[in-house]
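In this note's numbering, the protein residues as written are 118 to 569.
Each residue gets a CB set at the ideal place from its N, CA and C atoms; glycine is no exception.
None of these values were measured; they are calculated from a predicted model.
Quick notes on the structure that follows.
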Ligand code: SF4
């Protein structure tokens, strides 16, 4: 596939960690809905849990997460107390003690509050949810703020069995340009200790599109990452949106690779990963040929949620902490984004709710189509419509939107079956957008990252 063809599709589209996406959240779904939807969670249903920690020790200038620099122990104590209070309140609305299929800690940097405080929150979760031997417990980690004792607490007392480490790039010049200085030896030591602690599922994040990345230095970074033998790797594209994250203004636009160079960087890393036996299982996700994720993808059991690709099959995700988004029977609901607003809302006796969106039957149909495309790279619209009891002809106009992708051999359509072809996999979001009823890009105020 030539780069000119791919670059035609370098547009701003959602990453589809949900459908409808967070852009559609409004105040129409607020605290009352939050409480009502929690009450609708099945009493015997296994649920997934998410805890958001919105603090980091230093800010990486490329960061697009909900976080802030936090160093005050008293703030961490208060935040921990209030998350525990939120868990108590949510559990009271559930009226049952569901089993936990998975727990995911994200941020920010979860360990920024200290692993002892994390363990307190985990104890609170164990009080209200039943943990099973097979419960997945995953933590996003920053090797710069993890001591050997922290790793022992995480893999021992807290029972963490999956981890994800942000690397982005090992090159010193790139690291300095994005304010994330994290030498290779530090990452390698952390990985070695996690392995000794029993971690058998490890993900490393790389990021392309950062300042001073070139073919030679980024391929070296990819090789070094692969050499650490993670089970999974994520290859994110840097989204430069300084109007949304003002700290990104510290990155000089003139130092950034252009669209063609970004594509070259992605392609270079892709070739390194494929040569090292990683399979491109989704948009930006790669996993070892024989890993659980690759097998799940092959068997159509992969799912997508706010944390990205997952083998977790729970339909309900209950999220705690600032900005955390829950997937509940009635729809999606998000907590207040700023740590201070969230803490004030909990102190005031609420659930920390900000806004959300209720799901219509049509949303559920389209969500399913988009999830299958994101996870399987194909979908049979006829079978899906049959399952949802709607005429497939209703989707004819959406199918027609795929024509340009078909003409460029990025997508193939046979009857009502849609296949995203291997050269189109990094653009799978473009195929999904054809089935997105809400997506209408505003070039003056883009809300999504570029497709490449
Ligand atoms: S450690 Fe992660 S969350 Fe924190 S500033 Fe860096 S990229 Fe953002």
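For this session: Could you tell me whether any non-hydrogen atom of the ligand SF4 is closer than 8 Å to the CB of residue 532?
Result: As a position in the chain shown, residue 532 is number 415, starting the count at 1. Incorrect: residue 532 has no Cβ contact closer than 8 Å to the ligand SF4.
For this session: Evaluate the contact criterion for the region 193-213 versus the region 251-262: three or more CB pairs, one atom per stretch, below 8 Å.
Result: no
Exercise. Which term fits residue 163, buried or exposed, when burial requires 16 or more other beta carbons within 10 angstroms of its beta carbon?
Worked result: By 1-based counting over the chain shown, the position of residue 163 is 46. Buried.
For this session: Go ahead and pull the three-state DSSP assignment for residue 518.
Result: For the purposes of this step, residue 518 is taken as residue 401 along the chain shown, with counting starting at 1. In the structure shown, residue 518 sits in coil (DSSP, three-state: anything other than H, G, I, E or B).
Problem set entry | Sub-9 Å separation of residue 151 and residue 223 beta-carbons | Stepping through the chain shown from its first residue, residue 151 is reached at position 34. Stepping through the chain shown from its first residue, residue 223 is reached at position 106. Against a cut-off of 9 Å, the Cβ pair of residue 223 and residue 151 comes out as no contact.
Exercise. Grouping DSSP H, G and I as helix and E and B as strand, with all else coil, what is residue 366?
Worked result: Taking the chain shown and counting its residues from 1, the one referred to as residue 366 is at position 249. In the structure shown, residue 366 sits in a helix (DSSP, three-state: H, G or I).
Exercise. Comparing alpha-carbon positions, which option in 245, 179 and 227 lies nearest residue 201?
Worked result: For the purposes of this step, residue 201 is identified with residue 84 of the chain shown, where counting begins at 1. Closest by alpha carbon: 245.
Exercise. Helix or strand or just coil, what does DSSP make of residue 422?
Worked result: Taking the chain shown and counting its residues from 1, the one referred to as residue 422 is at position 305. Looking at residue 422 - three-state DSSP - the assignment turns out to be strand.
Exercise. Going by C-alpha distance, which of 173, 362, 243 and 216 is nearest residue 204?
Worked result: By one-based count along the chain shown, residue 204 stands at place 87. Checked all of 173, 362, 243 and 216; the closest Cα to residue 204 is 243.
For this session: Using the Cα positions of residue 430 and residue 420, report the straight-line distance between them to the nearest angstrom.
Result: Here the question's residue 430 lines up with position 313 in the chain shown. Here the question's residue 420 lines up with position 303 in the chain shown. Spanning the two alpha carbons is a distance of roughly 7 Å.
Exercise. Taking Cβ positions, are residue 306 and residue 260 nearer each other than 9 Å?
Worked result: Locating residue 306 in the chain shown gives position 189, where the first residue counts as 1. Locating residue 260 in the chain shown gives position 143, where the first residue counts as 1. Result yes, Cβ atoms of residue 306 and residue 260 sit closer than 9 Å.
For this session: Counting only the same chain and skipping the five closest in sequence on each side, list residues whose C-beta sits under 8 Å from that of residue 555.
Result: Mapped onto the chain shown, residue 555 falls at position 438. Only 137, 138, 140 and 141 meet the Cβ criterion.
Problem set entry | Span separating the alpha-carbon of residue 404 from that of residue 174 | For the purposes of this step, residue 404 is taken as residue 287 along the chain shown, with counting starting at 1. For the purposes of this step, residue 174 is taken as residue 57 along the chain shown, with counting starting at 1. Taking the straight line joining both Cα atoms gives about 30 Å.
Exercise. Are three or more beta carbon pairs between the region 521-534 and the region 488-502 nearer than 8 Å?
Worked result: yes
Exercise. Could you give the residue range of the beta strand (DSSP E) that holds residue 301?
Worked result: Reading the chain shown from its first residue, position 184 is the one you call residue 301. Unbroken run through residue 301 is the alpha helix (DSSP H), 301-313; no beta strand (DSSP E).
Exercise. So residue 505 and residue 473 are in contact, right, with Cβ under 8 Å, and what is the actual spacing, rounded?
Worked result: Within the chain shown, the letter at position 388 stands for residue 505. Within the chain shown, the letter at position 356 stands for residue 473. With a Cβ gap of about 22 Å, residue 505 and residue 473 do not count as contacting.
Exercise. Where in the region 365-415 do unbroken runs of the alpha helix (DSSP H), each at least 4 residues long, occur, reported from the N-terminal end onward?
Worked result: 376-392 and 409-415
Problem set entry | residue 257 and residue 276 closer than 9 Å at C-beta | Position 140 of the chain shown, counted from the start, is the residue given in the question as residue 257. Position 159 of the chain shown, counted from the start, is the residue given in the question as residue 276. The answer is no: Cβ separation not under 9 Å.
Exercise. From which residue to which residue does the beta strand (DSSP E) around residue 258 run?
Worked result: Here the question's residue 258 lines up with position 141 in the chain shown. Counting along the chain, the beta strand (DSSP E) containing residue 258 begins and ends at 247-258.
For this session: Please confirm whether any heavy atom of the ligand SF4 lies closer than 8 Å to the CB of residue 267.
Result: Taking the first residue of the chain shown as 1, we reach residue 267 at position 150. False, no ligand heavy atom lies under 8 Å from that Cβ.
Exercise. Is residue 309 buried or exposed, if buried means 16 or more other CB atoms sit within 10 Å of its CB?
Worked result: As a position in the chain shown, residue 309 is number 192, starting the count at 1. Counting Cβ neighbours within 10 Å, residue 309 comes out exposed, since fewer than 16 surround it.
Exercise. Can residue 522 be considered in contact with the ligand SF4, in the sense that its beta carbon sits closer than 8 Å to one or more heavy atoms?
Worked result: Along the chain shown, read from residue 1 onward, the residue named residue 522 stands at position 405. Because no heavy atom of the ligand SF4 lies under 8 Å away, the Cβ of residue 522 does not count as near it: no.
For this session: Can you give me the start and stop residues for the beta strand (DSSP E) that residue 224 sits inside?
Result: For the purposes of this step, residue 224 is identified with residue 107 of the chain shown, where counting begins at 1. Per DSSP, residue 224 belongs to the beta strand (DSSP E) from 216-224.
Exercise. Between which two residues does the alpha helix (DSSP H) harbouring residue 192 extend?
Worked result: Looking up residue 192 in the chain shown gives position 75. Unbroken alpha helix (DSSP H) run through residue 192: 190-211.
Exercise. Is residue 527 near residue 547, with beta carbons less than 9 Å apart?
Worked result: For the purposes of this step, residue 527 is taken as residue 410 along the chain shown, with counting starting at 1. For the purposes of this step, residue 547 is taken as residue 430 along the chain shown, with counting starting at 1. Against a cut-off of 9 Å, the Cβ pair of residue 547 and residue 527 comes out as a contact.
Exercise. What runs of the beta strand (DSSP E), each 3 residues or longer, lie entirely inside the region 483-543?
Worked result: 495-497, 528-531 and 534-537
Exercise. Contact between the region 260-273 and the region 225-234: three or more CB pairs below 8 Å?
Worked result: yes
Exercise. Do you know how far the Cα of residue 130 is from the Cα of residue 342?
Worked result: Taking the first residue of the chain shown as 1, we reach residue 342 at position 225. Taking the first residue of the chain shown as 1, we reach residue 130 at position 13. Roughly 28 Å separates the two Cα atoms.
Exercise. Closer than 8 Å: is that where the CB of residue 179 sits relative to any heavy atom of the ligand SF4?
Worked result: In the chain shown, counting from the first residue as 1, residue 179 sits at position 62. Under cutoff, so the answer is yes.
Problem set entry | From 336, 466 and 518, residue whose alpha carbon lies closest to that of residue 199 | Within the chain shown, numbered from 1, the residue matching residue 199 stands at position 82. Comparing Cα positions, the closest option is 466.
Problem set entry | Three or more C-beta pairs below 8 Å linking the region 358-365 and the region 405-415 | no
Exercise. Can we count residue 259 as close to the ligand SF4, meaning its CB is less than 8 Å from some heavy atom?
Worked result: For the purposes of this step, residue 259 is identified with residue 142 of the chain shown, where counting begins at 1. Indeed, a heavy atom of the ligand SF4 lies less than 8 Å from the Cβ.
Exercise. Looking at residue 285 and residue 177, is the spacing between their C-beta atoms short of 9 Å?
Worked result: For this step, residue 177 is matched to residue 60 along the chain shown. For this step, residue 285 is matched to residue 168 along the chain shown. Result yes, Cβ atoms of residue 177 and residue 285 sit closer than 9 Å.
Problem set entry | Alpha carbon of residue 213 to alpha carbon of residue 375, nearest angstrom | Taking the first residue of the chain shown as position 1, residue 213 is located at position 96. Taking the first residue of the chain shown as position 1, residue 375 is located at position 258. About 53 Å.
Exercise. Within 8 Å: the Cβ of residue 341 and any heavy atom of the ligand SF4?
Worked result: By one-based count along the chain shown, residue 341 stands at place 224. Every heavy atom of the ligand SF4 is 8 Å or more from the Cβ of residue 341, so no.
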